[in-house]
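Structure first, then comments.
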Amino acid sequence: MANNLLSRGPVAGLLLLLGVVLAGPVRAQEPQQLLAEMQKQYPGEKAMYLDYRHDITVEVKGDSVQVLARHHYDMLHLDAQSAMYAADRVYSSHFNRLQKLEARSMVPAGNSYKTIKVTDFKDKFETRPGIFFDDTRSRVFSFPGVAPGVRTITDYTVRHPDARFLMPFRLGSYVPMRHAELTITAPRTVRINYKMFQSDNVKVAFTKTEKGSNVIYRWTAENLPSAPRDDDAPEADYYLPHLVYFVEEATVGGQTRRMLSGVPELYNLYSGFIANLDKKESPELKRIVDSLVVGTKTEEERVKKVFYWVQDNVRYVAFENGLRGFVPSDAGKVYAQRYGDCKDMANITHQMLRMAGVKSYLTWIGTRDLPYKYSELATPGVDNHMIATYEPTPGQYVFLDATSNHTPFGMPSSMIQGKEALMSIDGKNCKVVSVPVMGQEKNQITDVSVLRLDGLGLKGKGRVSLAGYPKIRQAYAFDGLDKTEESKYIKAYLERGNNKFFVDSYSVQNVNARDQPLTIDYEYRLQDYVQKVDDEIYVNLNLERPYANDIIDREKRRLARYNEYNHVDKTRTEFEIPEGYDVEYLPVSTQVQDPVFGFNIKYTRQGNKIVQEKELYVNYLLLQPAQFAQWNAVVEKLGVAYRDVLILKRRKA
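Under numbering that gives the first Met the number 0, the first residue of the sequence shown is numbered 0, with each subsequent residue one higher.
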């Protein structure tokens with residue numbers, strides 16, 4: 000999909016995710032007094048924004064509604080390490096065209112400041128991981144003389160030629176803000192609306208005034224803290240307060256035009272992107288479809304054949320160039336070049352299914368990077384991805400995301416679980432449906448092994464089987480590995496017990512068989528693992544101990560924890576009792592059930608074997624701070640269970 004980061008502020012990378020659109024005058028203070036005051040107010044921070052302003056002017060020009068955005072950023076550097084913020088850049092693209100840029104350093108000089116203008120600007124194309132082509136450009140520069148007490152100020156103006164493609168206003172950044180302000184000036188003939196997200200703990204003042212033929216909207220906030228930082232956190236819009244503003248309606252050429260009032264208006268925009276697709280059918284692609292469906296007996300077989308062909312034969316290449324970021328290519332073109340982005344892969348899947356006599360729907364969807372639903376936000380910021388949808392029976396949907404080329408038919412890609420999808424029914428009608436979250440039983444790892452004592456070590460052989468998202472993840476990991484790399488990867492993946500673990504042999508099956516579990520058969524040695532004291536042997540059958548130390552620091556962590564998918568791991572370990580020994584102590588079976596995390600470890604004696612059956616499940620996509628205590632309680636009990644060991648004693652002669 001198109002790049003949704005349409006108007007990006009300064010400071011590369013960081014502001015891309017956490018920048019805000021703010022404003023307000025800085026009261027006159029002597030440099031040293033201001034520095035001391037801000038260091039005291041924001042202890043431990045490297046820098047802070049004195050003033051962060053975004054002034055929006057909405058204009059009706061000809062037959063379009065445009066926006067002129069003036070940005071003003073005034074950063075005060077508090078610490079020597081803030082030199083990392085000296086390098087900066089401003090972005091532009093088809094959707095936000097840079098018109099003017101000025102930057103300067105304000106260096107303390109007695110009771111005032113000395114101004115040093117930035118004169119060296121360089122233009123460059125931006126490249127992002129996973130993006131083959133992006134029309135985004137940046138103007139790169141560096142502030143001179145950055146040190147504690149120095150202020151770095153950026154002023155730039157951007158024109159948005161289409162007012163439907165605007166950025167949110169985020170009330171938070173990677174450094175604190177003393178004053179934040181957003182102002183929108185619009186003609187009375189233009190109706191502005193907005194929605195606040197994640198704003199429960201932020202006080203935002205709002206005013207709406209009329210001046211002449213214009214309406215002025217203003218939001219201000221004071222003393223905003225820097226954004227929290229935690230590992231495995233969701234994307235910033237899940238926790239940063241932000242305001243999404245949009246043009247609902249405008250009078251253009253004497254006619255009232257509905258812009259972004261709700262889902263119907265958003266779909267009106269999107270349907271225009273697909274209205275002129277595939278006016279002429281590709282005969283070469285039709286021949287491929289005919290060959291695929293020969294001998295198929297059911298509609299589902301035809302859908303599966305087409306879906307897997309696209310996964311195998313069309314390479315995913317992200318391509319973002321103005322409206323090309325929203326408009327798919329014709330299926331015939333995608334077939335000829337054998338690559339495309341998500342829209343292209345969705346459309347070729349859709350058109351091939353049509354050729355196969357199967358009805359499907361082009362579908363827009365936001366990945367889990369975005370927290371919104373269509374019912375609460377109907378702007379282009381609500382989604383960033385496109386797929387095809389098949390409806391085998393009324394109300395039952397199969398979401399076909401060919402960009403995930405190891406995903407089996409019937410499973411959505413993990414990144415769209417739980418999201419809303421906007422299906423194109425026809426040129427005027429659409430439907431919003433929900434993508435299910437895959438239950439833990441769909442994503443299963445099963446490891447069955449047989450162990451025997453080998454001196455003070457163990458020897459074992461077994462099979463691990465992966466289904467669902469764990470299989471998909473490992474299939475991607477195997478892609479492109481040569482034999483040497485594969486053997487290293489297998490050792491790392493199977494490693495258990497300690498670092499004296501050796502894989503003697505292995506074989507991998509079904510890496511590319513989407514409808515079959517991936518399996519790894521293996522034989523291994525584990526040295527210096529068993530403890531022997533006099534005539535007793537101590538063996539801990541928990542060779543792998545996932546989540547053993549996963550206690551969440553509730554005092555430090557402030558953000559929810561992200562998980563890619565629910566899953567269950569099952570392990571069956573059969574340990575052969577060595578000849579001449581009896582079981583002195585059999586570990587206690589333990590079970591803990593919890594909605595988000597639980598386990599069951601069971602020990603039994605079966606003939607000359609001790610069998611441990613272990614099941615552990617994780618059942619959340621976002622673990623909220625209110626759930627950390629219950630998570631920790633399970634981890635603590637799991638740690639106790641992991642430490643319980645089997646004791647064998649030599650029989651007396």
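Ideal Cβ placement from N, Cα and C applies to all residues, glycine included.
- Taking 8 Å as the upper bound for CB-CB distance, Tyr389 and Leu421 are not in contact here, some 16 Å apart.
- If you check the CB distance, Asp343 and Ser281 do not come in under 9 Å.
- If you check the CB distance, Pro107 and Pro30 come in under 9 Å.
- Checking the DSSP bridge columns, you'll see Ala204 partnered with Thr219.
- Contact between the segment 189-196 and the segment 239-246 is present: three or more C-beta pairs spanning the two stretches fall below 8 Å.
- With a beta-carbon spacing of about 39 Å, Gln626 and Val582 fall beyond the 8 Å limit used to define contacts.
- Here Leu480 has Tyr488 as same chain residues with Cβ atoms under 7 Å from its own Cβ, once five neighbours each way along the sequence are excluded.
- A straight-line Cα-Cα distance of about 19 Å links Leu621 and Phe598.
- In this structure, the straight-line span from the alpha carbon of Asp122 to that of Tyr90 is close to 10 Å.
- Ranked by Cα distance from Ile609, the options Glu248, Leu645 and Lys441 are led by Leu645.
- In the three-state reduction of the DSSP assignment, Met258 falls in the coil class, being assigned neither a helical nor a strand state.
- The shortest CA-to-CA distance from Phe500 to any of Leu369, Val507 and Glu543 is the one to Glu543.
- In the DSSP assignment, the residues bridged to Ala249 are Val189 and Arg256.
- Spanning the alpha carbons of Asn346 and Leu352 requires a straight line of approximately 10 Å.
- The segment 551-559 and the segment 416-433 do not touch, with fewer than three beta-carbon pairs separated by less than 8 Å.
- In terms of Cβ geometry, Met354 and Asp311 do not form a close pair [threshold 9 Å].
- Of the candidates Asp236, Arg217 and Trp218, Asp236 places its Cα closest to the Cα of Ala226.
- Nearest to Asp161 by alpha-carbon distance, out of Gln416, Ser104 and Asp62, is Asp62.
- Out of Asp154, Leu540 and Asp514, the CA that lies nearest to the CA of Tyr641 is found in Leu540.
- When the Cα atoms are used, Val587 and Asp643 turn out to be separated by approximately 7 Å.
- Counting along the chain, the unbroken beta strand (DSSP E) around Leu399 starts and ends at Gln395 to Leu399.
- By the Cβ criterion, the segment 174-181 is not in contact with the segment 108-115, since fewer than three pairs of Cβ atoms, one from each stretch, lie closer than 8 Å.
- Cβ neighbours of Tyr580 within its own chain (closer than 8 Å, five residues either side excluded): Ile536, Leu647, Lys648, Arg649 and Arg650.
- In the structure shown, the three-state DSSP call for Glu298 is helix.
- Here Ser403 is buried: its Cβ has 16 or more other Cβ atoms, across all protein chains shown, within 10 Å.
- With a contact defined as Cβ atoms closer than 8 Å, Ser81 and Val157 miss out at about 26 Å.
- Closest in C-alpha terms to Val214, from the list Ser172, Val57, Arg138 and Asp453, comes Val57.
- Between the C-alpha atoms of Phe272 and Val326 there is a straight-line separation of about 5 Å.
- If you draw a straight line from the Cα of Val246 to the Cα of Gly365, it is about 21 Å long.
- Non-local C-beta neighbours of Gly456 in its own chain, meaning closer than 7 Å and more than five positions away in sequence, comprise Arg524, Leu525, Gln526, Asp527, Tyr528 and Val529, ordered along the chain.
- Comparing alpha carbon positions, the residue from Phe398, Glu440 and Val447 closest to Lys613 is Val447.
- Per DSSP, Ser172 lies in no alpha helix (DSSP H) and is assigned neither H nor E.
- Remark: three or more beta-carbon pairs, one from each stretch, lie closer than 8 Å, so the segment 147-156 and the segment 94-103 are flagged as touching.
- A buried status is given to Asn442, since no fewer than 16 other beta-carbon atoms sit within 10 Å of its beta-carbon.
- Rounded to whole angstroms, the gap between the alpha carbons of Ala466 and Lys304 is 20 Å.
- DSSP links Asp520 through a beta bridge to Arg462 and Ser506.
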